[in-house]
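Student: The opening position of the sequence shown corresponds to residue 28 in this note's numbering, with each subsequent residue numbered one higher.
A virtual CB, placed ideally from N, CA and C, is assigned to each residue, including glycine.
Encoded as structure tokens, here's the structure I'll be asking about.
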Amino acid sequence: VPSYLVYAHLLPEGMLKPVAEFTKASNFLYLFIAAIIVGSIFGMDRQVLIKGFLKIFVPLAVGSIVAGTVGTLIGVVLGLGAYHTFFYIVIPIMAGGVGEGAIPLSIGYAEILHQEQGNLFAQVLPPIMLGSLTAILLAGFLNWVGKKLPRLTGEGRLQPGVEEELTPGEEKAAASAMDPAAIAAAGVTAIALYLLGTACFKLFGLPGPVAMLFLAVVVKLTRAVPPSLQLAGQTVYKFFSTAITYPLLFAIGVSLTPWETLVAALTPANIAVIILTVASLMTTGFFAGRLLGMYPIDTAIVTACHSGQGGTGDIAILTAANRLELMPFAQIATRIGGAITVTLTLILLARLA
């Protein structure tokens with residue numbers, strides 16, 4: 028909606044520039060993701076966290092294979108051709124967004140095919156945006172299904188698990204979780220983990236959010252921070268998820284989601300391929316999660332993030348599903364899943380070229 032309002036000139040020009048500058052230049056999106064990831068992980072059961080990270084790779088991998096196959100076959104049936112459908116529609120959907128997906132993918136395509144990177148970027152961007160929109164709508168539908176069939180969902184938990192019992196020290200810490208000093212310390216901890224993740228990117232090439240994610244997991248599993256700080260981290264998470272999400276989504280729509288690009292992808296054949304690719308990805312995640320003893324709706328929503336528009340897509344998808352608690356697993360689907368998709372695709376294209 029904000030994207031269309033900008034396109035139709037229904038928002039004052041004096042408001043658009045500062046919103047766009049703030050969204051693009053401040054990196055506030057990464058502060059939001061840091062608070063959500065660290066707060067979510069600090070609030071998770073340790074055993075569920077361990078098992079969940081190991082299990083989510085199975086529905087993610089199987090879902091990617093099924094979605095790639097289904098999407099390509101639909102494209103062939105509709106006359107788009109297997110090559111074009113696979114490399115320019117299906118793969119961009121699962122590439123991990125714009126910054127981590129479309130840009131490296133188009134650069135790789137340009138080097139291998141000896142074409143202009145800008146033209147290739149314009150081709151792979153619309154499927155990413157429309158795929159993310161499809162995932163948002165389907166995630167909202169699954170949230171509705173979960174309310175009708177509560178046995179299929181953990182309401183933000185990936186798999187059944189017993190919450191950890193608080194030790195006497197933790198019970199005492201719970202009472203101080205709302206202390207302003209503890210909340211401030213939790214916020215600083217989230218920022219520190221983000222900065223360490225950024226350093227890992229500079230040193231090892233590992234995407235910053237992924238490095239931050241694993242660092243937060245290590246901190247949680249090793250109890251490297253006191254219980255009071257973990258509980259305060261949950262408070263930071265609740266604040267950001269409640270008060271910041273919708274203003275941030277508005278800013279993203281205004282500054283990062285061009286309406287013309289979305290409309291350019293609205294051909295019947297493209298729409299059919301994109302919708303069926305995302306639907307098959309989520310459907311596979313649903314049934315794979317069920318077979319693995321995970322909540323199928325929550326698993327399907329996490330796999331949907333593999334077809335999202337990067338970090339912004341994760342926020343929008345999980346907000347539509349009312350499950351921001353799944354952000355750590357969504358980051359695995361988006362960042363790691365996207366990086367693997369881009370890498371394997373460029374290797375395959377280089378062999379075919």
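Measuring CA to CA, which of A217, H333 and A299 is closest to I92?
Tutor: It is H333.
Student: Compare the Cα-Cα distances from Y264 to each of Q186, G214, A251 and A243 and report the closest residue.
Tutor: When only C-alpha atoms are compared, the closest one is G214.
Student: Kindly indicate which three-state DSSP category K247 falls into: helix, strand or coil?
Tutor: It is helical.
Student: Locate the alpha helix (DSSP H) running through P355, then write down its first and last residues.
Tutor: Its alpha helix (DSSP H) spans residues M354 to Q358.
Student: Quick test of the definition: if touching needs 3 or more C-beta pairs under 8 Å, does the region 309-324 touch the region 137-145?
Tutor: The region 309-324, when compared against the region 137-145, does not touch it at the 8 Å Cβ threshold.
Student: Let me confirm a value: M42 is counted as buried when at least 16 other C-beta atoms fall within 10 Å, else exposed. Which label applies?
Tutor: Classification for M42: exposed.
Student: So does the region 318-337 actually touch the region 116-134, counting three or more Cβ pairs closer than 8 Å?
Tutor: Contact between the region 318-337 and the region 116-134 is present, because at least three Cβ pairs lie under 8 Å.
Student: Can you tell which of P45, A47, E40 and G70 has the C-alpha that lies nearest to the C-alpha of P253?
Tutor: The shortest C-alpha separation from P253 is found at G70.
Student: Is V329 near L353, with beta carbons less than 8 Å apart?
Tutor: Yes. Within cutoff.
Student: State the DSSP-derived secondary structure class of Y264, mapped to helix, strand or coil.
Tutor: Three-state DSSP puts Y264 in a helix.
Student: I need the straight-line Cα distance from W171 to T50, nearest angstrom please.
Tutor: Distance between the alpha carbons of W171 and T50: 31 Å.
Student: Sorted by chain position, which residues of the same chain lie with C-beta nearer than 8 Å to L303's C-beta, five sequence neighbours on each side aside?
Tutor: Excluding sequence neighbours, L303 sits near V97, G98 and I101.
Student: Taking buried to mean at least 16 other C-beta atoms within 10 Å of its own C-beta, is K229 buried or exposed?
Tutor: By the 10 Å Cβ count, K229 comes out exposed.
Student: Could you give the DSSP three-state label for M239: helix, strand or coil?
Tutor: Residue state, collapsed to three classes: helix.
Student: Taking all protein chains shown into account, decide if A202 is buried (16 or more other Cβ within 10 angstroms of its Cβ) or exposed.
Tutor: Bear in mind that a pLDDT of 49 at A202, under 50, signals an unreliable position, so the number given afterwards is only what the model happens to contain. A202 should be labelled exposed.
Student: Kindly give me the distance between the Cβ atoms of P39 and V281, rounded to whole angstroms, as I take these residues to be in contact under 8 Å.
Tutor: With 8 Å as the limit, P39 and V281 do not qualify as a contact, their Cβ atoms being about 11 Å apart.
Student: Taking Y322 as the reference, which of V65, G173 and I63 has the closest Cα?
Tutor: Checking every option, the nearest Cα to that of Y322 belongs to G173.
Student: Reducing DSSP to helix, strand and coil, say where G183 ends up.
Tutor: G183: coil per DSSP, three-state reduction.
Student: Just to confirm the assignment, what range does the alpha helix (DSSP H) spanning R378 have?
Tutor: From DSSP, the alpha helix (DSSP H) with R378 extends over G364 to L379.
Student: On the criterion of 16 or more Cβ atoms from any shown chain inside 10 Å, does F59 qualify as buried, or is it exposed?
Tutor: Classification for F59: buried.
Student: So, helix, strand or coil for R395, using DSSP?
Tutor: No answer is possible for residue 395: the residues shown for the chain start at 28 and end at 380.
Student: Mark N297 as exposed unless 16 or more other C-beta atoms lie within 10 angstroms of its C-beta, in which case mark it buried.
Tutor: Buried, by the Cβ-count rule.
Student: Between which residues of its own chain and G224 is the CB-CB distance below 6 Å, once the five residues before and five after are set aside?
Tutor: The answer, listed in chain order, is G235, A238 and M239.
Student: Is M156 helix, strand or coil by DSSP?
Tutor: Residue state, collapsed to three classes: helix.
Student: For N54, which of helix, strand or coil comes out of DSSP?
Tutor: Residue state, collapsed to three classes: coil.
Student: Are the Cβ atoms of I134 and Q150 separated by less than 8 Å?
Tutor: Their beta carbons are not under 8 Å apart, which means I134 does not touch Q150 by this criterion.
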